[in-house]
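One point on numbering: in the working numbering, the residue at position 458 of the sequence shown is 481, and numbering is uninterrupted. Beneath this line is the structure, given in structure tokens, with notes to follow.
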Amino acid sequence: MKTEGRWKKAYFNTFASLLLELVTIACGLILPRLILRSFGSVYNGVVSSITQFISCVTLLRSGLGGVTRAALYKPLSQGDRVSVSSIVRATEGFMRRVSRIYVGLLVMFAAVYPFIVSEFDWVFTFTLVLILGISKFFECRFGIAYQFLLQADQRRYIVEIIRCICLILNTVVAALLIKAGGSIHIVKLGSAFVFILEPFLIYIYAKKRYKLDKKAKEDERTLNQRWEAFAHQVAAFVTTNTDIMVLTVFCDIRLVSVYSVHNMITAPMKNLITSLANGAEAAFGDMLARCEGERLTEKFRVYEYTVFTVSALLFTCTAILIASFVSIYTGGITDTDYYRPLFGCLMAAAQFAVGIRLPYQTLVETSGRFRETRNGAIAEAAINIIISVVLVKLLGLIGVAIGTITAVLFRTVQYALYVDKHMIKGCFASFLKNLAVNLVFSAVMYVIIACLPRFITTSYMQWAVYAAAVFITGCVLMAAFGFVFSRRVFMELIRASFSIFRGRKRR
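Here is the structure:
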């Protein structure tokens, strides 16, 4: 891979990922609203709960993506088709076994779940679980290995574009079925058929693009570190899913609906940051494979600063705006109280903590150092579960949010310390500086917005005007903070941005 092409692909990947998140946000606002209006909070809560439980399937392939991509960087940089084929075949073979296990677990879960949530009869809930789980089987069986290959080859944008198409198509199909009076089963069955397209399209594209050797022997060494990476994926899974699972078991199912509505707003913001981070992942992997230490450090500083400042901007805006948006979004829905401003702020804080750890997490996972950072991942999962379970009865939604924030902050510090000690010296000092500066930025921005004339936000248009004012204020303040506190990195980022705008190729 030429270094010029490396950064060009990184920009393509970032743009496609950002586009995907914008589409996800738009579709995520439309469809849950239609379900809430047509079926109610109980239906929305049950669907959200089932979807989160089904996502446990990711545990079956935990660690596989990281070790597969880490193993592919070197042979891809060398053009070694045989080694690439062997690694992909090993991953494909493993996922065939996973897909068979998944089917058995899905049926077992479908049989048990109706006893956990008793709002509907057993047959209704059993069949709904099966419908919601169909597309995951096809993803495991056909698409995952080739998705990892495209990501490692800096062609993540192909995956993102296919996903965009499927998301838009799903929203259209589901909306038409709801408008036609279809039941929740019919609506979700239509969605399942749409999402089955995604793994098949990825499979077809990758088969044609790479011409892999079908006779290549499976390289089982690829999976040697899978169990080390497993702990990392479990921690990520717990961070993402513990809240809804704890709420489902210990609280009213309507609180799951409240959580899902707030998460529908904060999660896409986190995904925007993840998109920014993921765009450069394969580029860092290529630099590590080529032993470009000085260049890696130089690019990492800009990357770290960018992720921190964008995270602070987005999540400060989110904390300020989320309560007013939820009030408009859930207007006319009276079966539960969705206006929870403190909870919204804590959700934004939790996602901010996830966002700022991405630079260090990306570097660790790209280098394949899963064993060395495994214990921190296990500790994160344990902290999240223990605190959430202890506090949920006392504080409800606030309790699970506190559990998530505590666990994520612990893990973020652990990542930064590891990178500082073993990969880039001075990284932890840079982390502390960026954290302090951006916390001050958030506090100053909040005070400035509080001092502005109060906007009336009773409609989406009024809210959009208010949101634009908040965002523009944040951008101006962020630029001022960057110029004062991080001038060298800030100016490098500005130069790089202008270079991209003018279309010049950069190394």
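Glycine is no exception: its CB is placed at the ideal position from the N, C-alpha and C atoms.
Legend entry - Rounded straight-line distance, which links the Cα of L57 to that of I356: 12 Å
Inset, instruction - Can you grab the Cα-Cα spacing for the pair P55 / Q485, in whole Å? - result: 22 Å
Legend entry - Distance between M292 and V284 (C-alpha atoms, nearest Å): 13 Å
Inset, instruction - Would you give the residue range spanned by the alpha helix (DSSP H) that S158 belongs to? - result: 145–161
Legend entry - Cβ-Cβ distance between S78 and F260 below 9 Å: yes
Inset, instruction - Kindly indicate which three-state DSSP category C368 falls into: helix, strand or coil? - result: helix
Legend entry - Residue nearest to T320 in terms of C-alpha spacing, selected from V140, R92, P382: P382
Inset, instruction - Reducing DSSP to helix, strand and coil, say where S206 ends up. - result: coil
Legend entry - Cutoff 7 Å; reference Q75; Cβ partners in own chain excluding five residues on either side: N264, I267, M268
Legend entry - Coil, strand or helix - S141 by DSSP: coil
Inset, instruction - Could you tell me if Q384 is buried or exposed, where buried requires 16 or more neighbouring beta carbons within 10 angstroms of its beta carbon? - result: buried
Legend entry - Cβ pair count under 8 Å reaching 3, the stretch 130–141 against the stretch 93–103: no
Inset, instruction - Taking all protein chains shown into account, decide if R120 is buried (16 or more other Cβ within 10 angstroms of its Cβ) or exposed. - result: exposed
Legend entry - Cβ separation of N36 and Q177, assumed to be a contact under 8 Å, to the nearest whole Å: 6 Å
Legend entry - Rounded Cβ spacing between G422 and V279 (contact assumed at less than 8 Å): Incorrect: roughly 14 Å between the Cβ atoms, too far for contact.
Legend entry - A229 in three-state terms, based on DSSP: helix
Inset, instruction - Specify, as a first and last residue, the run of the alpha helix (DSSP H) that K444 falls within. - result: 420–445
Inset, instruction - Taking 8 Å as the threshold, find out whether the stretch 434–453 comes into contact with the stretch 464–481 through three or more Cβ pairs. - result: no
Inset, instruction - Please name the residue in I345, F161, L455, V512 whose C-alpha comes closest to that of F223. - result: F161
Inset, instruction - Check whether the Cβ of S40 lies closer than 8 Å to any heavy atom of the ligand PLP, and answer yes or no. - result: No copy of the ligand PLP occurs in the structure displayed, which carries no ligand at all.
Legend entry - Reduced DSSP category for T481 - H, G, I as helix; E, B as strand; rest coil: coil
Legend entry - Coarse secondary structure for Y469, derived from DSSP in three states: helix
Inset, instruction - Pick helix, strand or coil for E395, following the three-state DSSP scheme. - result: coil
Legend entry - Spatially closest choice to L220 from I184, Y233, A335, by CA coordinates: I184
Legend entry - D360 in three-state terms, based on DSSP: coil
Inset, instruction - Can you tell me which of K456, R232, L418 puts its alpha carbon nearest to the alpha carbon of L365? - result: L418
Inset, instruction - For T481, count neighbouring C-beta atoms within 10 Å of its own C-beta (all shown protein chains included) and say buried if the count is 16 or more, exposed if not. - result: exposed
Legend entry - 6 Å Cβ shell around F4 - same chain, five flanking residues per side excluded: Because the chain is modelled from 24 through 530, residue 4 falls outside the range shown and cannot be assessed.
Inset, instruction - Inspect the CB distances between the stretch 133–147 and the stretch 100–120 and report whether three or more fall short of 8 Å. - result: no
Legend entry - Three CB pairs or more closer than 8 Å across the stretch 149–164 and the stretch 202–212: yes
Inset, instruction - Could you tell me if Y362 is buried or exposed, where buried requires 16 or more neighbouring beta carbons within 10 angstroms of its beta carbon? - result: exposed
Legend entry - Assigned exposure category for I472 - 16 Cβ within 10 Å defines buried: buried
Inset, instruction - Measure the Cβ-Cβ separation of F433 and A402 and say whether it is below 9 Å. - result: yes
Legend entry - Nearest neighbour of G17, chosen from A400, T353, Y483, K416 [CA to CA]: Any answer about residue 17 is impossible in this case: the structure gives the chain only from 24 up to 530.
Inset, instruction - State the DSSP-derived secondary structure class of P476, mapped to helix, strand or coil. - result: coil
Legend entry - Own chain, CB closer than 7 Å to T435, minus 5 neighbours either side, in chain order: A376, I379, R380
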